[in-house]
Amino acid sequence: MRPWFFLLFLLLAPLFAGADDLAASAKADLKLSLDRLRAERTAIAEEKAVLLQTFNELEASVREKRRQWELLKLTAGQQGADYEQRRRQLAELEQKYGAFQAALVDYRIYLESNLHSIEMADYQKRFGDASAAGDLTAEQARDLVDYGMERLRESLAGRVIPGEAVGPSGELLSGQFLLWGPMAYFSNEWTNESGFVIDEEGLSPHLTPFTNEGEHEQLEHAMAGQPATLPLDASNGRALRLTQEHEDIADHLRSGGVWVWPILTLAVLALAVFIYKVVEIGIVRMPSDAALDSLFKDLSNGRIDAAKEQIARLRDPAKSLLAEALERVGQPREVLEDLMLEHVIRWQMHWERGLAVLAVTAAVSPLLGLLGTVTGMIATFRLIGVYGSGDARPLSGGISEALVTTELGLMVAIPALIVHALLSRKAQSLTSDLENVATRFIDGLPAASTKDSADA
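Mapped onto mature numbering (1 follows the signal peptide of the UniProt record, and there is no 0), the consecutive letters of the sequence shown carry residue numbers -19 to -1, 1 to 437.
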């Protein structure tokens, strides 16, 4: 047994020796690994400390940046609010500036419209370029307002300006103007001509002389700054000019244009017909009831010659009617009635002849006046398209044509209508009287003098 143990020992001895070596090697490796682990832990700890410091620094920087961002947002909000406030203030200022400019333009237009032509030269010299440019600068606006206030003060006290005016005969007179409120006066020292000044746009001042000699001396006193009493003309000379302008009938008719002549032609024809018919119908005399009773009494008693003598003393149309009827006595009643009816109708047509001219005149004259009104309004609107509606003087021709033709048409139509009605009524009255004469003649004949149609 022992040899086997020994042999086994010999075989296992190297193994035990290698195990020790392996254990020693493992210990060495373990120690090395532990040393390396400690070194890495130390390095990691050091690196972690550095990273932690860096992280803390970055976190602090982020907090600072965030604080700065919040501060910037707050500042931006305040700046935005300030911007909106300033923008609103600017809009209000622009609105006020626009209103100021509009008021200034209105004031400038009002001032220019109230300036006398005598003052325009000085005004254009001071504000001509500014007026044409539109908006005024602050300095120009201040000067314009100062000019208006100065003009107002001087106008209240009386302002004397040298200049020239057109005299009544058309000559150019040199002298001095006195502006007092809206009134303007002119005085010429050499000719002692003085009076109102009529201001017309685009024309030189026109002198309208005083009617009272003492007014010239009063004007001289006023120009010298002394108390004076001056006449006033609120119409700026238009009332005096209106009293001096007298339009005759021919000028009035000519202002109506071409359609006046057809209306006048109808008026002349209607007047001629009226005069003719008045004379023609006015001379007609119907026999009185007493004359007819006497005539019919002779007829009923068979005194034909006496009846003829009475008929001969009558006047037409009863004379011709009764004479012709008397010659047909003895014929049937229907024949006499037809004969006398024909005679009555013939006289009725004679009396109504020409009355159609009056009816046509009464109907057509207003239409011609309306046609003249339409053509005048067309001419007026055409002139408005050319000259505008600011000045009505260029439009007076079309307006006159429109109104005069209407006036003339009605002036012709209304009398023509009345005359036509009166003459028609008179003609109907005469016709009725003539029919009455014919009826009484037939009824007054004795029964033996007429025959019925059946007997015939």
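Beta carbons: idealized from backbone N, C-alpha and C, even for Gly.
None of these values were measured; they are calculated from a predicted model.
Runs of the alpha helix (DSSP H) lying entirely within the region 314 to 340 and spanning at least 4 residues, in chain order: 314 to 333.
The alpha carbon of G335 has as its nearest neighbour, out of V259, L389 and R140, the alpha carbon of V259. Fewer than three Cβ pairs drawn from the region 44 to 55 and the region 68 to 87 lie within less than 8 Å of each other, which leaves the two stretches out of contact. Taken atom to atom, the span from the alpha-carbon of E131 to that of T56 is near 53 Å. DSSP, reduced to helix, strand and coil, places V254 within a helical segment of the structure shown.
The distance from the Cβ of L391 to that of V254 is about 19 Å, inconsistent with a contact at the 8 Å cut-off. G144 places its beta carbon less than 7 Å from that of I99. Residue burial is scored here from C-beta neighbours: F36 has fewer than 16 other C-beta atoms within 10 angstroms and is therefore classed as exposed.
Distance from the CA atom of R134 to the CA atom of F158, rounded to whole angstroms, is 17 Å. Check the Cα spacing between E388 and each of L351, Q409 and K407: the tightest is with L351. Under the three-state reduction of DSSP output, N37 falls in the helix class. Under the 10 Å beta carbon count, F81 is surrounded by fewer than 16 other beta carbons and is classified as exposed. A Cβ-Cβ distance of about 5 Å is found for the pair W240 and T386, placing them in contact under the 8 Å criterion. In the three-state DSSP reduction, I99 falls in the helix class (H, G or I).
Here A7 has no same chain residue with a Cβ atom under 8 Å from its own Cβ, once five neighbours each way along the sequence are excluded. Under the three-state reduction of DSSP, N417 is assigned to helix. Annotated three-state conformation of G58 is helix, per DSSP.
Straight-line measurement puts the Cα of L92 at about 25 Å from the Cα of G176. Annotation for V239: no beta strand (DSSP E) segment contains it, and DSSP assigns it neither H nor E. Per DSSP, reduced to three states, the secondary structure at E152 is coil, with no helix or strand assignment. With contacts defined as CB atoms closer than 7 Å, A408 and W332 qualify as a contacting pair.
Contact annotation: W328 and L404 have beta-carbon atoms that are not nearer than 7 Å. Taken through DSSP and simplified to helix, strand or coil, T118 comes out as coil. Taking 7 Å as the cut-off, the beta carbon of V345 is found no closer than this to the beta carbon of A248. If you draw a straight line from the Cα of K29 to the Cα of T23, it is about 10 Å long. With a 10 Å radius around the Cβ and a threshold of 16 neighbouring Cβ atoms, M321 comes out buried. As computed with DSSP, S175 is found in a beta bridge with S168.
Straight through space, the alpha carbons of G58 and L52 are spaced by roughly 10 Å. For the set N417, A337 and G357, the Cα lying nearest the Cα of V400 is the one of A337.
The Cβ atoms of L349 and I262 do not sit closer than 7 Å to each other. Assignment of beta-bridge partners to Q157 by DSSP yields P143 and S168.
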